[in-house]
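Residue numbering for the sequence shown follows the working numbering, beginning at 873 and increasing consecutively.
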Amino acid sequence: MRALLSTGNQHKLDEFRRALPGWEIELVKSTAYPPETGTTYVENARGKAEHGRSVSPEDAWVIGEDSGIEARGLDGRPGLASARWADDGVARLLEELAGVGDRSARYACTIVAIGPEGQEIVVEGTLEGAVATERSGDEGFGYDPVFVPDGETRTVAELGDAWKAIHSHRARATKALTALIFPTG
Ligand code: IMP
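Now the structure itself:
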């Protein structure tokens, strides 16, 4: 299975490759991604997938992905703005949650895949957890040094890339994608 991932985020490419070991995944050849103007993850993921589709060979599947972290004590922020709400998003998250009782949060990921015939598949994955009070660990990216999944005592950055390839919001969404593309397999 060959697919082109429409992203400028190298970490996401690495994670897709780890989560879908039987797949051959390359980056869409584009440096000019349209701005993320959607009001939902699915709109943004579709925007990336459609952009990727427009610059890619027709025989490949193209994958657009949008994700974020939602803190319950902050009414779901930063959510869609996770990549953009501060130069150091982790520092801002820790700052905004100081003194907030509810530190529970979730990661959300939506994938829109567009096939060679223009068929569209939409899948989602989430990972529930809580925001730690300080950073630890050095794997993963983004908010991983402060995100502790439910049932775990360590952050995602400590649990590591191999753990993410099985349990993360992105891994869960890719599993759903595989099940839809290969319904019998
Ligand atoms: P976007 O999908 O390009 O808008 O970026 C999503 C942003 O959400 C990332 O830049 C991170 O800040 C955050 N995020 C999404 N998934 C993860 C993850 O697996 N680990 C840590 N941060 C994440």
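Beta carbons: idealized from backbone N, C-alpha and C, even for Gly.
Status (buried if at least 16 other CB within 10 Å, exposed otherwise) for residue i
i       : result
Lys901  : exposed
Glu887  : buried
Thr903  : exposed
Arg978  : buried
Phe1019 : buried
Val1097 : Here the chain comprises residues numbered 873 to 1057, so residue 1097 is not present and cannot be evaluated.
Ile1038 : exposed
Thr912  : exposed
Asp931  : exposed
Ala943  : buried
Asp1016 : buried
Pro1021 : buried
Ala1034 : exposed
Val863  : Beyond the ends of the chain as shown, which are 873 and 1057, falls residue 863; an answer cannot be given.
Pro893  : exposed
beta-carbon residue i near the ligand IMP non-hydrogen atom, thresh 7 Å
i       : result
Ser939  : yes
Ala955  : yes
Phe1013 : yes
Glu922  : no
Asp1016 : yes
Glu908  : yes
Ser1008 : no
Ser878  : no
Ser1040 : yes
Gly961  : yes
Tyr905  : no
Closest by C-alpha distance to residue i, when choosing among the options
i       : options                             : result
Ala1048 : Ala891, Asp886 and Gly880           : Ala891
Ser878  : Gly910, Arg956 and Ile986           : Ile986
Ala980  : Gly971, Thr1005, Leu952 and Gly973  : Leu952
Leu876  : Glu922, Thr909 and Arg1042          : Glu922
Val914  : Asn881, Gln882 and Val984           : Val984
Gly1012 : Leu1052, Asp947, Val1028 and Pro988 : Val1028
Gln882  : Gly990, Gln991, Arg1026 and Glu898  : Glu898
Met873  : Pro988, Trp895 and Gly880           : Trp895
Beta carbon of residue i nearer than 8 Å to that of residue j
i       : j       : result
Lys920  : Tyr905  : yes
Gly936  : Gly924  : yes
Leu999  : Ser954  : no
Gly945  : Leu969  : yes
Arg918  : Val962  : no
Ala1002 : Arg1042 : no
Asn916  : Asp947  : no
Any non-hydrogen atom of the ligand MG closer than 7 Å to residue i Cβ
i      : result
Ser926 : The model depicted lacks the ligand MG and carries the ligand IMP instead.
C-beta neighbour in chain B for residue i, strict 8 Å
i       : result
Thr1027 : Judged by its chain identifiers, the structure shown contains no chain B, having just a single protein chain.
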